[in-house]
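So the protein lines, in turn, are chains A and B.
The opening residue of the first sequence carries number 1 in my numbering; numbering runs sequentially from there.
The opening residue of the second sequence carries number 1001 in my numbering; numbering runs sequentially from there.
Read the structure below first, then the notes.
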Amino acid sequence: MSKLTLKTEGDTHVVVTRRFAAPPEFVYRAHTDPKLLQKWLLGPDGWTMPVCINEARPGGKIRYEWTNGKGGGFHITGEYLELEPHSRIVHVERMHLPDPTPDNHVETRFDADGSGTLMTIRMTLSDAQTRAAMLATGMEGGMEASYVRLEELIYNSSSHGTQLGKQAHS
Amino acid sequence: MDTSPNLDAAFSALADPTRRAILARLAQGEATVMELTAPFEMTQPAISQHLKVLEEAGLVVRRVQGTKRPRRLAKGGIEAMDQWLAMLRNALERNYDRLDEVLASMEKPKKGEKR
């Protein structure tokens, strides 16, 4: 079941799509209700999000703090720009590692798809270099994830099937 | 997250389309600078410069063969990136698997009650 897609677009975008069995209203709520976010936006096993501030209104603040319970942790901050319940969210965010990364502009759409939802996240970074850095450091509870380049590079271009693309699960 | 210390450099190196194309070519096998230059409208020194960036990022290695210096993909560097990306992807997928469960446990709002 591979419902997730993640690809780069142009020089500055990263686009993630994922289908859900629930209607857009549910998926939207799960992205804007702190109590719900703390249940799922956690990244790798063992991480928790003890601080979850999510003021779901234009200009509202976002602050997520993660910890692995062993002294490791980081946080992101952001602001909401636009919200259209239950179809669209636009916000900016940055990671603090601890220095803040350049802003990531994120548009999240929730489109009805049969009885479920197709979610499309479109991230825009300031330039190709920034996107590359995001991919290299990225985490944000798994959100900044991106194996994109290697997938494009290795899986698509090595039509002769070298062993390179097949070692991800070693 | 103990991966290669070159990860930053490696991803940065991949920010350039020419360098991605070079890696794609090398994914098919070893090639000399001249062979790598052929598909591009660029000079050999320009391609060499790109190769230098890729080598410093640990993605490409060269060997000596007479007067030639054929390049190939550096397995270790590519693997480190691949593992890093797989890990991030897993984290992302795990998030959404958890979200599936959260959604399944949510109740329909009562009629007329929009939040």
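Don't be surprised by glycine CBs; every beta carbon is placed ideally from N, CA and C.
Locate the beta strand (DSSP E) running through residue i, then write down its first and last residues.
| i | result |
| --- | --- |
| Ala1050(B) | It is His, not Ala, that sits at residue 1050(B) in the sequence shown. Taken as a continuous stretch (DSSP letters only), His1050(B) belongs to no beta strand (DSSP E), being part of the alpha helix (DSSP H) at Gln1044 to Glu1056. |
| Glu93(A) | Arg88 to His96 |
| Pro50(A) | Thr48 to Asn54 |
| Asp111(A) | Asn104 to Asp113 |
| Leu6(A) | Thr5 to Glu9 |
| Gly116(A) | Gly116 to Thr124 |
| Leu83(A) | Gly73 to Glu84 |
| Thr12(A) | Thr12(A) -> no beta strand (DSSP E), and no H or E assigned at all. |
In chain B, which residues lie with their C-beta within 9 Å of the C-beta of residue i?
| i | result |
| --- | --- |
| Trp66(A) | Under the 9 Å cutoff, chain B gives no residues; its nearest Cβ is about 11 Å from Trp66(A). |
Check whether the Cβ atoms of residue i and residue j sit closer than 8 Å, and answer yes or no.
| i | j | result |
| --- | --- | --- |
| Arg94(A) | Asp103(A) | yes |
| Arg131(A) | Glu107(A) | no |
| Leu1026(B) | Val1060(B) | yes |
| Leu1007(B) | Ala1080(B) | yes |
| Ile1022(B) | Val1033(B) | no |
| Leu1092(B) | Phe20(A) | no |
| Pro24(A) | Ala112(A) | yes |
| Asn68(A) | Trp47(A) | yes |
| Arg1094(B) | Pro44(A) | yes |
| Tyr28(A) | His86(A) | yes |
| Thr117(A) | Ala22(A) | yes |
| Ala1031(B) | Pro1070(B) | yes |
| Leu81(A) | Thr12(A) | no |
For the alpha helix (DSSP H) containing residue i, list its first residue and its last residue.
| i | result |
| --- | --- |
| Thr1018(B) | Pro1017 to Leu1026 |
| Arg63(A) | Premise fails: Arg63(A) lies in the beta strand (DSSP E), Lys61 to Thr67, not in any alpha helix (DSSP H). |
| Arg1069(B) | No alpha helix (DSSP H) holds Arg1069(B); DSSP gives it neither H nor E. |
| Val27(A) | Pro24 to Thr32 |
| Phe1011(B) | Leu1007 to Ala1013 |
| Thr1037(B) | Val1033 to Thr1037 |
Within the 8 Å Cβ cut-off, does residue i reach chain A?
| i | result |
| --- | --- |
| Glu1093(B) | yes |
| Ala1015(B) | yes |
| Ser1048(B) | no |
| Met1034(B) | no |
Would you say residue i faces chain B, with C-beta separation under 8 Å as the test?
| i | result |
| --- | --- |
| Val27(A) | yes |
| Leu171(A) | The shown model of chain A, from 1 to 170, leaves out residue 171(A), and the question about it has no answer. |
| Leu179(A) | What the structure shows of chain A is the stretch from 1 to 170, and residue 179(A) is not part of that stretch, so it cannot be assessed. |
| Ala145(A) | The predicted model places Ala145(A) with a pLDDT of 32, which falls under 50 and marks its position as unreliable; any figure quoted below should be read in that light. So, interface residue. |
| Ile43(A) | Ile is not the amino acid found at residue 43(A); the sequence shown has Gly there. With 8 Å as the cut-off, Gly43(A) counts as an interface residue toward chain B. |
| Arg109(A) | no |
| Met139(A) | The predicted position of Met139(A) is uncertain, since its pLDDT is 41 and thus under 50; no value can be drawn from it. |
| Asp99(A) | no |
| Thr5(A) | no |
Give the interface partners of residue i over in chain A, defined as CB-CB distance under 8 Å, in chain order.
| i | result |
| --- | --- |
| Met1042(B) | Going along chain A, no residue has its Cβ under 8 Å from Met1042(B), so there is no contact; the nearest lies around 18 Å. |
Give me the chain B residues within the contact set of residue i, using Cβ-Cβ distance strictly less than 7 Å, ordered along the chain.
| i | result |
| --- | --- |
| Lys39(A) | Arg1098 and Val1102 |
| Ala112(A) | Near Ala112(A) there are no residues of chain B at all, since even the closest Cβ is about 14 Å away, more than 7 Å. |
Give a single yes or no on whether residue i has its beta carbon closer than 7 Å to a heavy atom of the ligand PLP.
| i | result |
| --- | --- |
| Ala1104(B) | For the ligand PLP, the structure offers nothing, since it holds no ligand at all. |
So with CB distances below 8 Å, who are the chain B contacts of residue i?
| i | result |
| --- | --- |
| Arg18(A) | Tyr1096 |
| Arg131(A) | Ala1015 |
Worksheet item: Using a Cβ cut-off of 7 Å, which residues of the stretch 73-97 of chain A contact any Cβ in chain B, in chain order?
Response: Listed by position, the residues of the stretch 73-97 of chain A near chain B (Cβ gap below 7 Å) amount to none.
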